[in-house]
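In this note's numbering, the protein residues as written are 152 to 385.
Worksheet for the structure shown next.
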Amino acid sequence: MSTHDEIKQKMIIAGKILVAEGQDDFTRGHISFRLPDNPGLFFMKAHSIGLDEITMENILTIDLEGNVVAGNAKRHSEVYIHSEIFKVRPDVHCVLHTHPTYSTAFSATGRPIRAYSQGGAMFKNDLGTYTDTINLIRDHDMGRGVAKSLGPHRATMLKNHGAVVVGASIEETIISVIMLEEACKIQMIVEAAGDPAGEFSPEDVKVLQHNISRPEQFIVNFDYLARRVMRGGK
Ligand SMILES: [Zn+2]
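Laid out in structure tokens, this is it:
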């Protein structure tokens, strides 16, 4: 089990990776992680800072009602995305919300994700859609709506707004959101080109889904991106 300090360190690196991968939108977007020794609490990035400005000092500790129980920084008003998902998904330890360009554009089409790429295969039949509002998710009811749209899935699209991705680990969540963005980008290129050929069979897609979503795959790829940002790369 990771210590609180180890979790916070990983959140700091995750924020830097997200910015390097173009997942930033001013100071918007937030990541949280459930405390392994107290599932009723979670760590969360603070308001008014970029994803790449997370520090050991400004990470907040928050309960499942959205109340700050430790930390002095300002809390994101959209905390309810996180708290309401943590309430209904005991398998989820990390929640991430960002405004990635292609994912947001794709969400505006209302089309289902297709297995036109490995990322597309990973999210095919594993992606919800939240269509209640384009507005900020600022109360319990709206948070519950997002959690409902997520259902048992890996992610949900907030239509015309952004993505909410969940995972059992920070590594899984970060790699998933990057793969979702790539999947949306590729699908939109394919559909813009027109006349897309058929997808591979559901059985074939299912095998790939399994192969690319093993925990060790997420760790290997997260660690690579971590090394890259730490040496000042993209
Ligand atoms: Zn947002």
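All C-beta atoms, glycine included, are put in the ideal place defined by N, C-alpha and C.
Remember, it's a predicted structure, so these values are computed and weren't measured experimentally.
With respect to residue 273, residue 210 sits apart: the two C-beta atoms are not nearer than 8 angstroms. A Cβ closer than 7 angstroms to some heavy atom of ligand 1 marks a residue here, and those residues are 179, 180, 229, 248, 250, 287, 309, 312, 313.
A distance of 8 angstroms or more separates the beta carbons of residue 184 and residue 177. In this structure, 316 is the residue among 316, 206, 330 with its C-alpha nearest to the C-alpha of residue 301. Rounded to whole angstroms, the separation of the alpha carbons of residue 250 and residue 332 is 10 angstroms. Contact between the region 240-247 and the region 318-326 is present: 3 or more CB-CB pairs across the two stretches fall below 8 angstroms. When the beta-carbon positions are compared, residue 258 and residue 310 come within less than 8 angstroms of each other. Non-local C-beta neighbours of residue 373 in its own chain, meaning closer than 7 angstroms and more than five positions away in sequence, comprise 322, 325, 326, ordered along the chain. The beta carbon of residue 166 lies closer than 8 angstroms to those of 182, 196, 201, 202, 203, 204, 205 in the same chain, with the five residues before and after it left out. Within the region 273-304, the runs of alpha helix (DSSP H) that reach at least 4 residues and sit entirely inside it are, in chain order, 291-301.
Secondary structure of residue 189 (DSSP, three-state): strand. Within the same chain, Cβ atoms closer than 8 angstroms to the Cβ of residue 226 are found at 195, 197, 198, 211, 213, 217, 219, the five residues on either side in sequence being excluded.
Between residue 334 and residue 271, the beta carbon gap of about 4 angstroms places them in contact (Cβ cut-off 8 angstroms). Going by C-alpha positions, residue 319 is about 19 angstroms away from residue 375. Shown here for residue 169: same chain residues with a beta carbon closer than 6 angstroms to its own, the five before and five after excluded, namely 202 in chain order. Here the region 344-362 makes no contact with the region 281-298; the two share fewer than three CB pairs at distances below 8 angstroms.
Contact between residue 337 and residue 267 holds: CB atoms are separated by about 6 angstroms, below the 8 angstroms threshold. Of 280, 275, 191, the smallest CA-CA separation from residue 330 is found for 275.
Annotated three-state conformation of residue 355 is helix, per DSSP.
Burial state of residue 351 is exposed, judged by a 10 Å Cβ sphere holding fewer than 16 other Cβ atoms.
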